[in-house]
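Notes to accompany the following structure.
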Ligand SMILES: Nc1ncnc2c1ncn2[C@@H]1O[C@H](COP(=O)(O)OP(=O)(O)O)[C@@H](O)[C@H]1O
Ligand SMILES: [Mg+2]
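In my numbering, the protein residues as written are 258 to 508.
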C-alpha cells in the first residue's frame, strides 16, 4: 500500500512573518514526507504553524527556505521551481482543498458547487456525466436529498460535507484540509474524517489534515506534531476505528 517514494516531500522548510520586533518564526527547518494512500494528521497548539505548513506543502505559500517536491511520474519535482502557471495547473489537476469556514458559493446549490468543479477543472466531461458524478458524490456524502439546497439552507455538518465533496470529486492525488472538523459536532466530524480516510485508503490519495481535535487520532495512519514551528512524528494509539463505508467507484 505504501510506496517507497513519497508523493510529497518538504525539506528544511522555514517561513517567517513580519520583521524586527514583530518577526515570527512560523516554521523552523521542517522536513516532512507524505505517501500515497496515507491519511496524515498534523496537530499542535494554536499558533504553532500548522496552517502555514499546510499552505507551504500545498504550493499556496512560498517558504523562505527549503524545498517542496511533488511526485511527477517517476521523478520528484520542485513545486517552487515551476512557473506560476505550471504551479496553478498542478494544483488544479492534483489538489483538493478544504479550508476553515467552508468557502461555499452562497448562490449555488449543493449540487452546483460540485458540478462547477468538474466544469472548470479541465475534464472534458459531458453535461450528463457531470450531473451523474455530482449526484453520486452527494449520495456518498449522505446528501442525496439535499442537492437542491443552498448553503444557507444546510447545517454546518452538511456544508462541510459539500466542501469535502468539492475537494474530492476530481479524485485528486492530494487533499489538504485545515481544521475540517473544528466547527462540527463529533458525529458530523467523524463522518468527514471517515470520508477522508476512505479517499486515502480506497482511492490512493495523499491526505494532510491539520487539526487539534484528538478524536481524529484513531483514524489516521501518521501523526505529526508541530510546536513553535518545529515538527516531530508522534506515536499513534493502537486502537483501530471502524472502517468507513466503501468508497463507491465513480468512473
Ligand atoms: N499573515 C501573517 N502575518 C503575520 N503573522 C502570521 C501570519 N500568518 C500566521 N502568522 C503567525 O505565524 C504563527 C503560525 O501561524 P499559523 O500557521 O496560522 O498557526 P496555526 O495554524 O498552528 O494556528 C503564529 O504566530 C501566527 O500569529
Ligand atoms: Mg491554523
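Glycine residues also receive a C-beta, built at the ideal position from the N, C-alpha and C atoms.
- Query: Thinking just about the alpha-carbon of each residue, which of 344, 336, 421 is nearest to the one in residue 370?
  - Reply: Minimum Cα distance to residue 370 is reached at 421.
- Contact set for residue 322: own chain, Cβ-Cβ below 6 angstroms, skip 5 residues either direction: Hits under 6 angstroms: 271.
- Message: Suppose contacts are defined by Cβ-Cβ distances below 8 angstroms. Is residue 325 in contact with residue 337 by that definition?
- Response: Contact check for residue 325 against residue 337 passes: the beta carbons are separated by less than 8 angstroms.
- Message: Report the start-end ranges of each alpha helix (DSSP H) in the region 294–364 that is 4 residues or longer and not cut off at the edges.
- Response: You should have 307–314, 341–351.
- Below 8 angstroms, can you find three or more Cβ-Cβ pairs linking the region 280–294 to the region 346–364? They do not touch, by the three-pair rule.
- To which residues of the same chain is residue 481 closer than 6 angstroms at the C-beta, ignoring the five residues directly before and after it? Result list for residue 481: 299, 488, 490, in chain order.
- residue 307 CB to nearest heavy atom of ligand 2 below 7 angstroms: True, at least one ligand heavy atom lies under 7 angstroms from that Cβ.
- Message: So, at 7 angstroms on beta carbons, what are the nonlocal neighbours of residue 281 in its own chain, with the 5 sequence-adjacent residues on each side left out?
- Response: Within the same chain, residue 281 has close Cβ partners 273, 274, 275.
- N- and C-terminal bounds of the alpha helix (DSSP H) containing residue 435: Unbroken run through residue 435 is the beta strand (DSSP E), 431–435; no alpha helix (DSSP H).
- Look at the Cβ atom of residue 517, then the Cβ atom of residue 374, and state whether they are nearer than 8 angstroms. A question about residue 517 goes unanswered here, because the residues of the chain that appear run from 258 up to 508.
- Report the rounded CA-to-CA distance for residue 395 versus residue 279, giving the unit in angstroms. Their Cα atoms are separated by approximately 45 angstroms.
- Message: Among the candidates 432, 346, 404, 434, whose CA atom is the shortest distance from the CA of residue 367?
- Response: Distance from the Cα of residue 367 is smallest, within the candidate group 432, 346, 404, 434, for 404.
- Item | For residue 274, the three-state DSSP class (helix, strand or coil) | For residue 274, the three-state secondary structure derived from DSSP is strand.
- Under the rule that 16 or more other beta-carbon atoms within 10 Å means buried, what is residue 391, buried or exposed? Per the 10 Å Cβ criterion, buried.
- Environment of residue 303 [buried if 16+ CB atoms lie within 10 Å]: Answer is exposed; the Cβ neighbour count stays below 16.
- Query: Quick one: what's got a C-beta closer than 6 angstroms to residue 333's C-beta in the same chain, skipping five residues either side?
  - Reply: 326.
- Answer yes or no: the CB of residue 435 versus the heavy atoms of ligand 2, is any distance below 7 angstroms? For ligand 2, at least one heavy atom lies less than 7 angstroms from the Cβ of residue 435.
- Neighbourhood of residue 306 by C-beta, 6 angstroms cutoff - its chain only, sequence neighbours within 5 removed: Answer for residue 306: 283, 284, 483, 486, listed in chain order.
- Query: At which residues does the beta strand (DSSP E) containing residue 290 begin and terminate?
  - Reply: 281–291 is the span of the beta strand (DSSP E), which, as asked, contains residue 290.
- Item | Close-in-space but distant-in-sequence residues of the same chain around residue 440 (CB under 6 angstroms, 5 per side omitted) | Answer for residue 440: 413, listed in chain order.
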